[in-house]
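*Asks:* Just passing along the structure, written as structure tokens.
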Amino acid sequence: MTDVPNHPHALLALEDGKVFFGRAFGSAKDAAGELCFNTSMTGYQEICTDPSYRGQIVTLTYPLINNYGVTPVDMESVHPWLSGLVVRELCAHPSNWRATQELDEFLANNNIPGIYGLDTRAITQHLRTYGFKRAVLAVAPPDVLPEEARDPFLWSSGRTPGIEAYVNDCIARAQHVTPLSDHDVVGEVSVNTGKYTAHAPWQPWPLPQQTAAQKRVVFIDTGGKHNIAHSLTSRGAEVVWVPYGTRYEEIRDMDPAGVVVCNGPGDPEVDAVAATVATTAKLMQRYPLLGICLGHQIIALAAGARTSRLKFGHRGANHPVQDIESGKVHITTQNHGFQVDAASIPENSGFRVSHISLNDGSVEGLRHHDLPVLSVQYHPEACPGPQDNQYIFDEFTELIS
Amino acid sequence: MTDRPSKVLIVGSGPIIIGQAAEFDYAGTQACKAMREEGITSILVNSNPATIMTDEDIADVVYIEPLTVPVIERIIAREQPDGLIPTLGGQTGLNLAVALADAGVLDKYGVQLLGTPLSAIQKAEDRELFRQTMTEIGEPIPASRTVNSVQEAEKFVEEIRLPVVIRPAYTLGGTGGGIAHTPDELRTVVAGGLSASPITQVLVEEYLLGWKEVEYEVMRDSADNCITVCNMENIDPMGVHTGDSIVIAPSQTLSDREYQMLRTASLNIIRSLGIEGGCNVQLALDPHSFAYRVIEVNPRVSRSSALASKATGYPIARMAAKIAIGRTLDKLPNPITQRTTAAFEPALDYVVAKIPRWPFDKFPSGDRVLGTQMKSTGEVMAIDRTLEAALQKAVRGLEIGDRSLMWEDEQWQRDPEAVWQHITEASDLRIWAIMCALRRGTSVAELARRSHIDTFFLEKLAGIRDMEQRLLTESLTPGLLWEAKRLGFADSQIGTLADVLPARVREMRKQWGIVPVYKMVDTCAAEFEAQTPYFYSTYEIENDAPSLTAERAAVVGSGPIRIGQGIEFDYCSVHAAWALASAGVQSIMVNSNPETVSTDFDTSDRLYFEPLDTESVLNVLDNEGVPPTIVQFGGQTAINLAEPLTLENVALAGSGVSAIDLAEDRRKFEAFLDRLGIPQPPGAAVTNVEDALSIASNIGYPVLVRPSYVLGGRAMEIVNTPEDLKSYVATAVQLSTRHPVLVDKYLQGKEVEVDAICDGKDVLIPGIMEHIERAGVHSGDSFAVYPPRDLHGHIEQTIVDYTTRICLELGVLGLVNIQYVIFQDEVFVLEVNPRSSRTVPFLSKVTEVPMVRLATLTMLGKSLAEMGFAGGLWPNQPLVAVKAPVFSMAKLRGVETSVGPEMKSTGEVMGVDVTFEAALYKAMVASGLNVPAGGTFLLSIADADKDAIRPIVRQLAAAGYNFMATEGTATMLESMGIPVRMISKRLQGTPNVVSVIRDGEVQAVINSLTGGRAVLQDGFYIRRAAVEMQIPCLTSLDTSRALATALSLQQDAYLVQPLCAYRDDR
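Residue numbers (our numbering), protein chains in the order written: chain H, 739 to 1139; chain A, 4 to 1069.
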């Protein structure tokens, strides 16, 4: 498709002075955040609704987005959380039997801006080379961009005359965006409480064997995706969400068969999550535990290990992970900007690295010698991505049964 | 996997036919490279000499021999390999491996099938075993039942839903079958099908009308690691063979749930079959629910896997070969990034479009409707960041004239129903018909309803139409031009719509700074820095491909495989790239064909995947600082670019435009030969009927007529009367208004052909090839033998002399192909082509002269002498090699099969031995012209040929063959004392000449032509029946004589040895 004439001109300014030009969609407003990229070729709706993207502007590397619209069933949380979405092309005429809405409208209704038409591969290469960047997604106001200056080529190629001051201002704003590590993003997304009930049938997959019937699993909500809960309820478990700050005693009083520390946004070593780490350290001694993504990092911190920031993160649905014990490779969905440092895992913690990334050798899973603790950096619940890793939920189900 | 093998046999796929093209040369070549990397000795056998895989520096030992069980057994006995990889040589290679296993050959010699086990092949190939396996793992396949009555059919339909497809058992080409949408139709069609079936049986199958067709390319290793390399979605929904569908990668209309559901199914399937290597899973997906069906599994690398490899950068065949010898994906590096492993799934950040290349420009009478029988000969692929641009570039890559998506058939103006016919029935013109309908205001909804194509794709096409409208009405601004380029509009399209010359559009673009950038195909959507030199053009901001800086040269490839321009030219392009590399010059390859070795990312220093039109090639050259460009190896495609590129100040490496032009301009060429005192058949170039008639009456009939500047003798004909000439000129001149029609005296003599290399000083002639058929049969459809069998010394000297003088005087630099006819002991020049020809690989292989390398290096300024070669005729080798053409007529309904001046073959094979008879026999067997001992020939011979057929019949009778013949021919046989069964004509009751063929009573047909083109004569039906029954059908007495000679050979009286052994056998 070509640019839609009534879509405002917008730009993406990075803190290091790099600027990309496109057109706005979704909510026509400015946004700020850390710019990252995701290489999944499908699953834009699941990505938008993954709370782990809180505080981030997400670039989708696959160029055609909104091909199949948006459907209520594919929500991974109650609404989209990301700060902004960057795509090469926003499909004007989506087609899929389940589509009830277009991405444009969906983001607009949720007050989230998007930008399309820009060279997303160049953005990706920039982030790959220079690491993650803070950025501002800005909608050019009419006084900056008079009608006669709106030639699509001049705009796209950054040659529009007279916009220099505005662009510089956007870059300056990008330099003042609060870094992800400096705010409590988990607190913003930890919104679920009470019993989780499936909002949609488990289509199109057949139900797994019901092995955890009626077992209660407490789900510490650091920004969890629905399909994690789904993967457990479909095995018969009862999932109860608690806020991320819930104290150990409160969880204990709920008498769970197991506890899940789920995914979520941001830096695991921020102060706001410290209490969750402490709680997890106690839970670990008593309950079967499953950690996913941020939850995995929290478990590692609880075990005394450290985490660090990756240059540009792992975000996509094609990441190979090797199970060290079996040697088998699984293709996984990943979404993380931080990692557990293998060397920092205390020898006496009882933890060992169980899974590694075949791309960069980083830690993708931990197991404890004696305790029933499983933790994976990747997303076994997929959505989006390969369904190859549901076995993690089978293993956890066995631990709580 | 027990032990790692040390010596492995790789079986190729034989000649290029419809359904089995260059992709298997690519696969085999990758496999050989993989073996070399692993330190394993590779033994390669293929009958097709025009392949890179049969190069002696690709495999360790090369056999160019027929692909039959006895031949392979002798190779196995001689080489004692410990393993055989069955899954890289297409269906031919797979069937052969199974036949070798079944015949106990593999057990006898202790040869292990490597990779995918026999059980997996059987489970995938055997209908019933496949159904069982899918049922066991719960994967749905289309419901079907074999029934013997209408009642049974009705009962079955109660269980499933209408519509259903009815396929009668044992009828040819599905006659008598059909689709039933209503209970009434069900009764009618089933009843019809039952009566059409000789065993009164039909298969009733769930009809997946309008379901999406999706494919997954899956890999699995011996450790059970499974990945999907790529998925693809066909624009054409279920019903059109995937090889004939327009295919997009990755899938476009599948949400993540649908994508993953089908991915999981594909992994379940590859696991349940136990495949170790690559596999292709075809699925149908209901557009209105999560319902899907598994349609087919190919337990081997395929055309789709070649496409997936080129679409993603992931080398499936190479990895499959490594898996076959026991490597696992996690231990193999990703050859693109060099940092990550092969155990991952490529992420694309672009869209890929594949469009098949159909032969209907050559076979206008052929049935264009697309269905379950594949009809295309090749395909093009294009990559861009928008679907519209990928599609439009692919359309241009087809090279059907200058046809863009704006083309419309003239008939459509007058007949709107004709447009709908192409849309609803699906023909090769469907996409143009849809554009036409959109331009006439048809809604997307209406098109979706009648074509079942997803609105997603139709909306994209509607968007292209909208841009056409804007270009027609708005003034051309940088913004409009930019947006049009981003949708893949060519400068020529923009020029036409905006009423500006294309050259002016290009000028404006460059002036405004609107030039394409080149993005990398890196398997990982830019997540990792990659080392690959594989690029595509797009209109974006940042360029991944800054110009190479060292000395460099570009090679223009040959585009899609089509009749007249086959894999031979890809062979030449690949060798040109290698020759450049050997001279320290960086090679830049431009090509649009995903099947080939030339588009393998490690063939050249830079690969640009682009259509081969002037604009795209010029853009690439601009991006590379306008390097010297070689147009000599890419067939007519590349040669056609010589003039436009030269006009844009591109320096051609090798023969210049003047040489090309001189050779193709009849008048200039005549004057040129006159000056040299070299004769050619009298004739002239004409532009109107009057001139044609007067020339023909001057030189005398028969005359050979053809338009100049065409491919594979398109529209070439032998004309016997003024009336025929009139009708020919009336239709042919339209073909090309820029160029005249040539009318030449037809000399029915012996045709010989040479390929030569000229460095400006010396002319090296690696060999002379003699055609078995007399002049009049297109050289591409002729059997050719090297060295010539009975060429008098003085004739040979004359040929060498003419060739040398023509090359030097014409200013040839590099390769040239010259065809001569020897008529009444005099040598005439028929044609000079200052470019590589289809026989270059054949001749390179038999003579061991590295023809393309020498030619390329001469273009870089090296002399033949410097390279250790001299001028003149290269010594004849102590072997005989016969090149045989191979046709795909069984796949093309309604096409006349007889050979003539217009080329019809799709591929070729080579038979090589130390005697002519043995070489001929092998060529015959390899090309499928095998007649079982004691079989029956059906003869229908024109009176004029009766004398000539006598010795042929005697020879066949002596070899133990039987005969049936039409009346006149039968009388002749009786008079010779040869037993014959007389058969009546087609419309004179049964049995008749057609029914005996259909009933399988005949094993070969010799039918000499009685003249005239009428498609309704008996001869046409006899020939069609023969090709449909897949029995040899010869229309040339020369070929028949050769066949008789070959069939007289004592069985097994041929050698089986590596190619080099024939040359060394002095």
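Beta carbons: idealized from backbone N, C-alpha and C, even for Gly.
Owing to the predicted nature of the structure, the values given are computational and were not obtained by experimental measurement.
1) I'd like to check one pair, S454 of chain A with T476 of chain A: are the Cβ atoms closer than 9 Å?
2) Indicate whether at least one CB of chain A lies closer than 9 Å to the CB of E827 of chain H.
3) Between H291 of chain A and chain H, is there a C-beta pair that is closer than 9 Å?
4) Between the stretch 851-859 of chain A and the stretch 573-586 of chain A, are three or more C-beta pairs nearer than 8 Å?
5) Would you call the CB atoms of F460 of chain A and Q255 of chain A closer than 9 Å?
6) With a threshold of 9 Å between beta carbons, is Q783 of chain H in contact with chain A?
7) Assign H1107 of chain H to buried or exposed, taking buried as 16 or more other Cβ atoms, counted over all protein chains shown, within 10 Å of its Cβ.
8) Would you say N1097 of chain H faces chain A, with C-beta separation under 9 Å as the test?
9) Taking the DSSP output, what are the residues bridged to H425 of chain A?
10) Just confirm the distance between the C-beta atoms of I319 of chain A and D224 of chain A, as a whole number of angstroms; I'd bet it's less than 8 Å.
11) Report the residues of the stretch 759-785 of chain H with a CB closer than 7 Å to any CB of chain A, ordered along the chain.
12) Could you tell me whether the Cβ atoms of A951 of chain H and V874 of chain H are closer together than 9 Å?
13) Quick check on P1058 of chain H: does DSSP put it in helix, strand or coil?
14) May I ask you to list the residues that DSSP assigns as paired with S1095 of chain H?
15) May I have the straight-line CA-CA distance separating I140 of chain A from V999 of chain H, to the nearest angstrom?
16) Keeping to the same chain, check which residues put their C-beta closer than 7 Å to that of G96 of chain A; ignore five residues upstream and five downstream.
17) Is the shortest distance between the beta-carbon of N237 of chain A and the beta-carbons of chain H less than 9 Å?
18) Starting from G817 of chain A, follow its DSSP beta bridges and name the residues at the other end.
19) Comparing alpha-carbon positions, which option in A:G783, A:T801, A:P630 and A:L813 lies nearest V660 of chain A?
20) Along the alpha helix (DSSP H) that carries C35 of chain A, what are the first and last residues, could you check?
21) Mind listing the chain C neighbours of V354 of chain A? Cutoff is C-beta to C-beta under 8 Å, in chain order.
22) If the cut is a Cβ gap below 7 Å, which residues of chain H does E348 of chain A touch?
23) Identify the contact partners of S50 of chain A in chain H, using a Cβ-Cβ distance below 8 Å as the criterion.
24) Which term fits G812 of chain H, buried or exposed, when burial requires 16 or more other beta carbons within 10 angstroms of its beta carbon?
25) Count the CB pairs spanning the stretch 550-560 of chain A and the stretch 519-531 of chain A that are closer than 8 Å, and state whether there are at least three.
26) Does Q794 of chain H have its Cβ less than 9 Å from a Cβ in chain A?
27) Could you check if V108 of chain A is buried or exposed, using at least 16 other CB atoms within 10 Å of its CB as the buried criterion?
28) Chain A partners of R866 of chain H, CB-CB under 9 Å?
29) Buried or exposed, going by whether 16 or more other CB atoms sit within 10 Å of the CB of M137 of chain A?
30) Using C-beta distances below 8 Å, list every residue in its chain close to T203 of chain A, excluding the 5 sequence neighbours before and after it, in chain order.
31) For R872 of chain H, I'd like the list of residues in its chain whose CB is within less than 8 Å of its CB, leaving aside the five on either flank, ordered along the chain.
32) Measuring CB atoms only, is the stretch 362-372 of chain A touching the stretch 891-908 of chain A, in the sense that at least three cross pairs come out at less than 8 Å?
33) Does the Cβ of S972 of chain H have 16 or more other Cβ atoms within 10 Å, making it buried, or fewer, making it exposed?
34) Using a Cβ-Cβ cut-off of 9 Å, state whether H831 of chain H counts as contacting chain A.
35) Report the neighbours of I517 of chain A on chain H: residues whose CB is nearer than 7 Å to its CB, in chain order.
36) So which residues on chain H does W485 of chain A lean against when the C-beta distance must stay under 7 Å?
*Replies:* Taking the structure as given:
1) no
2) yes
3) yes
4) yes
5) yes
6) yes
7) exposed
8) yes
9) None, per the DSSP bridge assignment.
10) About 13 Å separates the two Cβ atoms, so there is no contact after all.
11) T777, M779, T780, G781 and E784
12) no
13) strand
14) H:V1059
15) 34 Å
16) V14, G15, S16 and P89
17) no
18) A:C761
19) A:L813
20) E26 to E40
21) Although the question refers to chain C, the structure presented lacks it and instead comprises the protein chains H and A.
22) N1056 and I1069
23) Going along chain H, no residue has its Cβ under 8 Å from S50 of chain A, so there is no contact; the nearest lies around 39 Å.
24) Going by the sequence as given, residue 812 of chain H is Asp instead of Gly. So D812 of chain H ends up on the buried side.
25) no
26) no
27) buried
28) A529, E530, F531 and E532
29) buried
30) N151 and L197
31) L752, E753, A770, G771, E772, L773, A912, Q913, V915 and P917
32) yes
33) buried
34) yes
35) F891
36) P890, F891 and S894
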